[in-house]
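Q:
Numbering (the UniProt record's numbering), first residue to last: 1 to 217.
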């Protein structure tokens, strides 16, 4: 909505004869910038249509620049504050495209799910921080990615994890019996499976996909 209002102001000033040598609009809506770079306007609604109109006019050169939130850009904290204030104000009724509505639902659901997991799952904060920092889990085949995710979240068949859920009365390693049977112990510490590790581990970490042993424990 904020980008749409900015574009409407620029158009009105042009129609009033104002001399505008150039206009730069900063937005954290990356979908808008991506849509402008493509051939269609579906996905971010009226803002794309207005921006597309301005970009095609010769009265003023218009640039729409994507700026992520909280990146240290001068004045960006002010813009974030105004955006948050605007979200709590009454919103004009606008016609949403299907893509717009889907994006809104996705963001809201993701925020709710993340907040719930951060509150209720002790292992989730590690996964969430890695995700925000840039994780390469998506580069794995799905079956491998599922196994790595389960290892991170401590939802495995190792006895220490089964005991947490009340499915096992013991946590002792079934191979050596010396320590708890955890992902960390079996994958990097247990001396009874040393000869089997080369077949399961790459010589070098691939894109930092796996966490270090202390993060998995």
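C-beta atoms are modelled at their ideal positions from N, C-alpha and C, and glycine is treated no differently.
Remember, it's a predicted structure, so these values are computed and weren't measured experimentally.
Assess contact between the region 105-115 and the region 142-154, defined as three or more Cβ pairs (one per stretch) separated by less than 8 Å. Is contact present?
A: The region 105-115 vs the region 142-154: no contact.
Q: Quick check: what's the CA-CA separation for residue 16 versus residue 67?
A: Here residue 16 refers to the residue found at position 16 when the chain shown is read from its first residue. Here residue 67 refers to the residue found at position 67 when the chain shown is read from its first residue. The straight-line gap from Cα to Cα measures roughly 30 Å.
Q: Determine the DSSP secondary structure at residue 65, reduced to helix, strand or coil.
A: Within the chain shown, numbered from 1, the residue matching residue 65 stands at position 65. Three-state result, residue 65: strand.
Q: Could you name the residues of the same chain whose beta carbon sits closer than 8 Å to that of residue 174, not counting the 5 residues immediately before and after it, in chain order?
A: For this step, residue 174 is matched to residue 174 along the chain shown. Contacts found: 159, 181.
Q: Let me confirm a value: residue 191 is counted as buried when at least 16 other C-beta atoms fall within 10 Å, else exposed. Which label applies?
A: On the chain shown, position 191 is the one that residue 191 refers to. It is exposed - the Cβ of residue 191 has fewer than 16 other Cβ atoms within 10 Å.
Q: Spatial neighbours of residue 219 within its chain, please: CB distance less than 7 Å, with the 5 preceding and 5 following residues excluded, ordered by chain position.
A: Coverage of the chain is limited to positions 1 through 217, which leaves residue 219 absent and any answer about it impossible.
Q: In whole angstroms, give me the CA-to-CA distance for residue 137 and residue 106.
A: One-based indexing of the chain shown puts residue 137 at position 137. One-based indexing of the chain shown puts residue 106 at position 106. Each residue's alpha carbon lies about 20 Å from the other.
Q: With a CB to CB cut of under 6 Å and the five nearest residues on each side skipped, what residues in its chain are close to residue 25?
A: For this step, residue 25 is matched to residue 25 along the chain shown. Counting only Cβ-Cβ distances below 6 Å, and skipping sequence neighbours, we find 6, 64.
Q: I believe residue 151 touches residue 193 by the beta-carbon criterion, under 8 Å. Please report the beta-carbon distance rounded to the nearest angstrom.
A: Position 151 of the chain shown, counted from the first residue, corresponds to residue 151. Position 193 of the chain shown, counted from the first residue, corresponds to residue 193. About 15 Å separates the two Cβ atoms, so there is no contact after all.
Q: In terms of residues, what are the limits of the beta strand (DSSP E) holding residue 186?
A: As a first step, residue 186 is located in the chain shown; it is residue number 186 there, counting from the start. Looking at the DSSP string, residue 186 is not in any beta strand (DSSP E), and its letter there is neither H nor E.
Q: Excluding sequence positions up to five away, which residues of its chain have a Cβ less than 7 Å from the Cβ of residue 156?
A: Mapped onto the chain shown, residue 156 falls at position 156. Taken in chain order, the residues that qualify are 150, 183.
Q: Would you kindly report the start and end of the unbroken beta strand (DSSP E) that includes residue 146?
A: One-based indexing of the chain shown puts residue 146 at position 146. No beta strand (DSSP E) holds residue 146; the alpha helix (DSSP H) holding it covers 142-153.
Q: At the level of alpha carbons, what is the spacing between residue 185 and residue 167?
A: By one-based count along the chain shown, residue 185 stands at place 185. By one-based count along the chain shown, residue 167 stands at place 167. Distance between the alpha carbons of residue 185 and residue 167 is about 19 Å.
Q: Per DSSP, what are the beta-bridge partners of residue 175 in this structure?
A: Translated into the one-based positions of the chain shown, residue 175 becomes position 175. DSSP lists no partner for residue 175.
Q: Is residue 179 near the ligand MG, with its Cβ less than 8 Å from a heavy atom?
A: For the ligand MG, the structure offers nothing, since it holds no ligand at all.
Q: Pull up the DSSP beta-bridge partners for residue 26, would you.
A: In the chain shown, residue 26 corresponds to position 26, counting from 1. In DSSP, residue 26 forms a bridge with 65.
Q: Name the two residues that bound the continuous alpha helix (DSSP H) containing residue 157.
A: Here residue 157 corresponds to residue number 157 of the chain shown, with the count starting at 1. It is not in any alpha helix (DSSP H) - residue 157 carries neither H nor E in the DSSP assignment.
Q: Relative to the C-alpha of residue 81, which residue among 28, 104, 103, 9 is closest?
A: Along the chain shown, read from residue 1 onward, the residue named residue 81 stands at position 81. The option with the nearest alpha carbon to residue 81 is 28.
Q: Bridge partners for residue 180 per DSSP, in chain order?
A: Here residue 180 is taken as the residue at index 180 of the chain shown, counted from 1. Answer by DSSP bridge pairing, in chain order: 172.
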